[in-house]
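Protein chains in written order, with my numbering: chain A, 211 to 452; chain B, 211 to 452.
We treat Cβ as the ideally placed atom computed from N, Cα and C, and that holds for glycine.
First the structure, in the form of structure tokens, and then the observations on it.
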DNA sequence: CAATTTTCATTTGTCAGACAATTAAACGTC
DNA sequence: GACGTTTAATTGTCTGACAAATGAAAATTG
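Okay, here's the thing in structure tokens:
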């Protein structure tokens with residue numbers, strides 16, 4: 211872990227990589243305290259600011275946490291799913307916005323993944339998940355709701371569905387797919403008519419999950435996917451006219 | 211973007227967040243040059259090392275790239291899918307290893323997501339994808355293959371299947387799920403008999419995808435998921451005896 | 001004038017040393 | 001023994017400096 215080629219550029223990146231590899235390989239277990247910045251500087255034969263830049267890189271990925279004081283230092287962080295959600299969502303959102311991913315492609319991916327969760331959710335959903343879904347359906351029927359609030363409620367509804375599968379790995383993966391879609395969905399203006407249709411499909415899905423009917427839930431998701439694609443196409447067509 | 215509360219700790223984290231928000235919101239477009247470190251230090255009223263630590267945090271997330279020289283500086287980076295793969299895999303791997311995620315949970319998530327790709331892959335796979343799958347099946351039949359190499363080939367096979375869906379968003383999401391499983395799979399010792407079974411199922415899947423038969427591909431994946439779970443249970447049972 | 005070389009200014013990368021803030025342990029004091 | 005005080009260790013930040021890279025401008029040369 212203490213190797214460093216004599217290339218005097220990217221030193222902090224090299225040090226960060228060395229420590230990261232040690233963490234990923236398990237050589238540095240969770241909650242292990244790293245040597246102090248001064249010691250690391252000695253070991254790698256660099257200055258303390260360079261070590262600090264390397265540690266900040268790792269902190270940005272939630273791989274370490276730091277603590278001041280006598281018994282302080284940098285500690286290997288237990289990467290929790292909640293911590294990873296945020297990064298996953300940020301990354302997914304940027305990937306979509308920076309790579310000219312079409313609405314159709316993103317939508318297809320999102321519903322394909324969500325349909326994978328539906329059978330598990332139908333089987334294992336708890337009262338909590340059902341209650342969240344019903345509450346969001348109710349919210350979506352409020353007349354004064356802005357389009358942004360409608361989309362946010364939509365995200366909450368679908369995340370409750372995904373979480374219903376009771377598999378944290380799935381919830382983590384889907385967090386990116388579902389939340390990253392929100393900026394794209396926000397382009398759509400939801401008329402009273404389209405909201406009614408969506409709420410109807412949400413109700414169909416919630417009913418199916420309540421009844422533990424995986425097939426019906428899948429039907430609802432398919433219909434919702436199709437309808438969402440159609441709404442987006444209408445927006446695109448309307449823009450083309452201008 | 212220039213706001214900074216007078217809390218004199220975590221300055222670099224606050225600055226990183228301010229710039230990150232500007233990038234995510236689109237205020238800083240791709241390839242835009244950030245002010246020089248000296249200018250940023252002036253604007254945020256901090257020292258240059260503090261600014262540098264903030265920039266290193268962003269660089270660790272591939273949000274910016276830096277360049278030395280007269281026209282150098284920090285530029286907003288176009289986050290590419292290839293760049294994000296690595297981070298996704300690292301994060302997923304650590305999440306699994308640090309959170310006592312059971313083999314069953316990880317396996318369930320992985321195959322649920324992979325099954326979501328199968329119908330699309332059956333529809334759109336190219337000759338390239340089919341060739342990769344066949345090549346890996348062939349490799350998996352080599353007698354001298356180590357268990358690690360067998361697992362690596364397995365990953366390549368399944369990534370070809372996922373890529374066959376022709377949806378970069380799906381490929382990105384699945385990269386984490388599929389690759390992060392590899393360390394867990396490496397725990398399993400693949401006997402000649404189990405390899406034969408797996409190769410048989412791989413062949414069934416490849417045949418189905420070749421014939422564009424989504425249902426058969428799904429059958430193969432389900433069988434593979436079940437068999438993998440069973441192999442893992444055998445390993446766990448054998449360990450319990452010791 | 002054109003092409004090439006040189007110089008130079010700008011910017012990042014790194015270093016050294018310093019001080020402030022925080023924290024827990026060691027130490028005294030009652 | 002309980003409670004405040006000191007102290008040492010550690011991170012967070014600042015200042016100032018120099019090296020290295022790099023493109024642009026200036027000087028030189030044919």
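- Item | Segment limits, alpha helix (DSSP H) that includes residue 419 of chain A | 402-420
- Task: Please name the residues in the stretch 351-364 of chain A whose beta-carbon is closer than 8 Å to at least one beta-carbon of chain B, in chain order.
- Result: none
- Item | Near-chain A residues of the stretch 425-436 of chain B - C-beta to any C-beta below 9 Å | none
- Query: Taking residue 275 of chain B as the reference, which of B/319, B/259, B/244, B/248 has the closest Cα?
  - Reply: B/244
- Query: What's the C-alpha gap between residue 224 of chain A and residue 331 of chain A?
  - Reply: 44 Å
- Query: Are the C-beta atoms of residue 394 of chain B and some chain A residue less than 8 Å apart?
  - Reply: no
- With DSSP run on the structure shown, which of helix, strand or coil describes residue 351 of chain A? coil
- Task: Run down chain B in chain order and give the residues with a C-beta less than 7 Å from the C-beta of residue 266 of chain A.
- Result: 222, 263, 266, 267
- Message: Quick check: what's the CA-CA separation for residue 357 of chain B versus residue 408 of chain B?
- Response: 13 Å
- Return the residues of the stretch 398-423 of chain A that lie within a Cβ-Cβ distance of less than 7 Å from chain B, sorted by chain order. none
- Assign residue 370 of chain B to one of two classes, buried (16 or more other C-beta atoms within 10 Å of its C-beta) or exposed (fewer than that). buried
- CA-CA distance, residue 311 of chain A and residue 248 of chain A? 46 Å
- Output, in chain order, the set of chain A residues within a Cβ distance shorter than 7 Å of residue 380 of chain B. 319, 322
- Own chain, CB closer than 7 Å to residue 352 of chain B, minus 5 neighbours either side, in chain order: none
- Give me the Cβ distance between residue 328 of chain B and residue 431 of chain B, rounded to the nearest whole Å; I'm assuming they're in contact under 8 Å. 6 Å
- Query: When DSSP builds the beta bridges, which residues end up paired with residue 283 of chain B?
  - Reply: B/277
- From residue 253 of chain B to residue 278 of chain B, what does the alpha carbon distance come to, in whole angstroms? 21 Å
- Message: According to DSSP, simplified to helix, strand and coil, what is residue 449 of chain A?
- Response: helix
- Task: Select from B/286, B/303, B/281 the residue whose C-alpha is nearest the C-alpha of residue 382 of chain A.
- Result: B/303
- For residue 399 of chain A, is the classification buried or exposed, using 16 other Cβ atoms within 10 angstroms of its Cβ as the cut-off for buried? exposed
- Could you tell me the distance, in whole angstroms, from the CA atom of residue 314 of chain B to the CA atom of residue 442 of chain B? 8 Å
- Within 10 angstroms of the Cβ of residue 337 of chain B, are there 16 or more other Cβ atoms? Answer buried if so, exposed if not. exposed
- Query: So, helix, strand or coil for residue 290 of chain B, using DSSP?
  - Reply: coil
- Take residue 305 of chain B and list the residues in its own chain whose beta-carbon comes closer than 8 Å to its own, dropping the five residues that flank it on each side. 311, 390
- Item | Cβ-Cβ separation, residue 395 of chain B to residue 364 of chain B (assumed contact under 8 Å), whole Å | 7 Å
- Message: Going by DSSP in three states, residue 243 of chain B sits in which element: helix, strand or coil?
- Response: strand
- Query: Using a beta-carbon distance below 8 Å, is residue 335 of chain B in contact with chain A?
  - Reply: no
- Task: Tell me, please, whether the CB atom of residue 234 of chain A is closer than 8 Å to any CB atom in chain B?
- Result: yes
- With 8 Å set as the bound, which would you pick, yes or no: does the beta-carbon of residue 388 of chain A sit closer than that to a beta-carbon of chain B? no
- Does residue 291 of chain B get closer than 8 Å to chain A when you measure Cβ to Cβ? yes
- Where the stretch 279-290 of chain A meets chain B: residues whose CB sits under 8 Å from a CB there: 288, 289, 290
- Query: residue 294 of chain A touches chain B at which residues, Cβ-Cβ below 9 Å?
  - Reply: 301, 302, 304, 305
- Message: Please report the distance separating the alpha-carbon of residue 261 of chain A from that of residue 388 of chain B.
- Response: 33 Å
- Query: What are the complete beta strand (DSSP E) segments, minimum 3 residues, inside the stretch 331-377 of chain B?
  - Reply: none
- Could you tell me whether any Cβ in chain B is nearer than 8 Å to the Cβ of residue 332 of chain A? no
- Message: I want to verify the contact list: residues of chain A whose CB lies under 7 Å from the CB of residue 316 of chain B, in sequence order.
- Response: 379
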